[in-house]
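Student: Going down the list, the protein sequences come from chains D and A. Converting from the first sequence to the working numbering requires adding 444 to each position, the first position being numbered 1. Converting from the second sequence to the working numbering requires adding 1 to each position, the first position being numbered 1. Glycine is no exception: its CB is placed at the ideal position from the N, C-alpha and C atoms. As the structure is a computational prediction, the values presented were derived from the model and not from experiment. If you scroll down you'll find the structure; I have some questions about it.
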Amino acid sequence: AQSVAQPEDQVNVAEGNPLTVKCTYSVSGNPYLFWYVQYPNRGLQFLLKYITGDNLVKGSYGFEAEFNKSQTSFHLKKPSALVSDSALYFCAVRDLNDYKLSFGAGTTVTVRA
Amino acid sequence: GAGVSQSPRYKVAKRGQDVALRCDPISGHVSLFWYQQALGQGPEFLTYFQNEAQLDKSGLPSDRFFAERPEGSVSTLKIQRTQQEDSAVYLCASSLEGTRGEKLFFGSGTQLSVL
Chain D
445 AQSVAQPEDQ
455 VNVAEGNPLT
465 VKCTYSVSGN
475 PYLFWYVQYP
485 NRGLQFLLKY
495 ITGDNLVKGS
505 YGFEAEFNKS
515 QTSFHLKKPS
525 ALVSDSALYF
535 CAVRDLNDYK
545 LSFGAGTTVT
555 VRA
Chain A
2 GAGVSQSPRY
12 KVAKRGQDVA
22 LRCDPISGHV
32 SLFWYQQALG
42 QGPEFLTYFQ
52 NEAQLDKSGL
62 PSDRFFAERP
72 EGSVSTLKIQ
82 RTQQEDSAVY
92 LCASSLEGTR
102 GEKLFFGSGT
112 QLSVL
């Protein structure tokens, strides 16, 4: 079985400050890890993914994430947050032997001006 | 179209009514997924198609839920005898080849409200 935990329901930061959204995962084999973002009344949009290789992956809109196998974590980061980054962020995992993508409950990010 | 299209955008149904939700994936995409997203929750997997074959329907919550993709393109999710607990946003997603490392492209969803 595969699962994702996002321990924070909400993250609030000031514009220009670093942003971190936490994610831990559980899979039976090697994980495929993803981050998606959801804006109001819109579908989920892909941000980045980790499949293999370099533990630091870079994605859209200046976001990056670090894969840590020993801590089973895949935290999303942005060095300098923008007000337009305010949205709902989902971490997701897919096991090597499964088709479906399993999502966390989501973290609401609010960036104040 | 350029993206995944879902219709209707909103659906209000009376308890016991049957509903049909449509998904038009990106042209040529092999894989198609249906997810259910309850208010304040992450998407929950319902079912997966590779072309016209339904390879996984383990997430369908009951036998009232049925999905099809007869020609390997458009898909329909049907819910019979709707109940209040079926109220949710139903998301459709597609991907090009069906490999596990691929990203999914999501539609905007159908918001179902059962009264």
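1) Are the CB atoms of D:K522 and D:L463 within a distance shorter than 7 Å?
2) Below 6 Å, is the gap between the Cβ of A:S28 and the nearest heavy atom of the ligand HEM?
3) Rounded C-beta distance between D:V430 and D:L491? I'm assuming under 8 Å.
4) Do you know offhand how far A:E72's Cα is from D:Q515's?
5) Listing by chain order, which chain D residues have their CB less than 8 Å from the CB of A:D25?
6) Leaving aside the five residues before and after D:N541 along the sequence, list all residues of the same chain whose C-beta is less than 7 Å from its C-beta, in chain order.
7) Could you name the residues of the segment 78-104 of chain A whose beta carbon sits closer than 8 Å to any beta carbon of chain D, in the order they occur along the chain?
8) Give, in chain order, every residue of the segment 492-507 of chain D whose Cβ lies closer than 8 Å to some Cβ of chain A.
9) Please decide whether D:F534 counts as near chain A, where near means a Cβ-Cβ distance under 7 Å.
10) What did DSSP end up calling A:Y49 once you bin it into helix, strand or coil?
11) For the beta strand (DSSP E) that A:K15 lies in, which residues bound it at each end?
12) Who does D:K493 pair with in a DSSP beta bridge?
13) Taking D:Q450 as the reference, give the member of D:T552, D:R556, D:A531 with the closest Cα.
14) Mapping DSSP to helix, strand and coil, what is D:S504?
15) Who pairs with A:I80 in a beta bridge, going by DSSP?
16) For the beta strand (DSSP E) containing D:T551, name the first residue and the last one.
17) If you draw a straight line from the alpha carbon of D:T496 to that of D:K513, how long is it in whole angstroms?
Tutor: In brief:
1) Against a cut-off of 7 Å, the Cβ pair of D:K522 and D:L463 comes out as a contact.
2) As presented, the structure is devoid of all ligands, the ligand HEM included, so that no description of it is given.
3) Because chain D here runs from 445 to 557, residue 430 of chain D falls outside it and cannot be looked at.
4) Inter-residue distance for A:E72 and D:Q515 is about 44 Å (C-alpha atoms, whole angstroms).
5) Neighbourhood of A:D25 in chain D, by CB distance below 8 Å: empty, with the nearest CB roughly 13 Å away.
6) If we look at D:N541 and ignore the five residues flanking it on each side, its Cβ neighbours are G473.
7) Within the segment 78-104 of chain A, the qualifying residues are L92, A94, G99, R101, G102, K104.
8) Listed in sequence order: K493, I495.
9) So, interface residue.
10) Three-state result, A:Y49: strand.
11) Annotation: A:K15 is outside any beta strand (DSSP E) and is labelled neither H nor E by DSSP.
12) Answer by DSSP bridge pairing, in chain order: D:F478.
13) Of D:T552, D:R556, D:A531, the residue nearest in Cα terms is D:T552.
14) DSSP places D:S504 in helix when its eight states are reduced to three.
15) Bridge partners of A:I80: A:V20, A:F66.
16) From DSSP, the beta strand (DSSP E) with D:T551 extends over 551-556.
17) Roughly 11 Å separates the two Cα atoms.
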